[in-house]
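Here is the structure we will look at.
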Amino acid sequence: MRKIRKVDPQSPRDLEQFCELMDDLSEGAADKTLLQRKIRDFNAREDCCLLVCEEDGKLIGSVCGILFGDFCGDCAPMCAVENVVTHHDYRHQKVMKELFAELETWMKEKGAKYAFLCSGNSRSGAHRFYQEMGYEEVKGFKKRFL
Numbered sequence: 009m010r011k012i013r014k015v016d017p018q019s020p021r022d023l024e025q026f027c028e029l030m031d032d033l034s035e036g037a038a039d040k041t042l043l044q045r046k047i048r049d050f051n052a053r054e055d056c057c058l059l060v061c062e063e064d065g066k067l068i069g070s071v072c073g074i075l076f077g078d079f080c081g082d083c084a085p086m087c088a089v090e091n092v093v094t095h096h097d098y099r100h101q102k103v104m105k106e107l108f109a110e111l112e113t114w115m116k117e118k119g120a121k122y123a124f125l126c127s128g129n130s131r132s133g134a135h136r137f138y139q140e141m142g143y144e145e146v147k148g149f150k151k152r153f154l
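With the first letter of the sequence shown counted as 1, position 27 gets the number 35 in the numbering used here; the numbers rise by one all the way through.
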């Protein structure tokens, strides 16, 4: 049975499996001590939501949202969506649909007017999924500092 929940930074199993997910995403998860502190800090914030999908004791997907204010119109917050990853053995099994549904519920409860995310040019399967979920493709830019 699947369950959507927050990552427990005190659980060695959660940390290990979350690192595996981040490796699937970026081929280089953070140091576990740093990751533990970041997850604890992230979970304590009202403007951040880090969710995982667990099935039979295994973390199989992750997504996070970060709200920030806007200065236009009604000044409602918007949400950046990041760290979108499904474990490679569980892709195409609606894991991310469940995670996005839960994250979007949180966003709406927080009054977000819209969400946005960035995705690498080569991730065409992910792009189809985002469009199926109602996200529009727009042009964006990013600049790396490290």
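Where a beta carbon is used, it is the ideal one built from N, C-alpha and C, also for glycine.
Going by C-alpha positions, W114 is about 12 Å away from K14.
Around the beta carbon of D22, a 10 Å sphere encloses 16 or more other beta carbons of the protein chains shown; the residue is thus reported as buried. Nearest to I74 by C-alpha distance, out of R10, L58 and V103, is L58. Here the alpha carbon of C80 sits roughly 19 Å from the alpha carbon of V146. For the pair E90 and C61, the CB atoms are not nearer than the 9 Å cut-off.
Cβ-Cβ distances below 7 Å link L33 to N91 and V93 in the same chain, with the five nearest sequence neighbours on each side left out; the list follows chain order.
The Cβ-Cβ distance between S130 and L107 does not fall below 9 Å. Per DSSP, the continuous beta strand (DSSP E) segment holding K11 begins and ends at R10 to K14. Between the alpha carbons of G148 and M86 lies a distance of about 16 Å.
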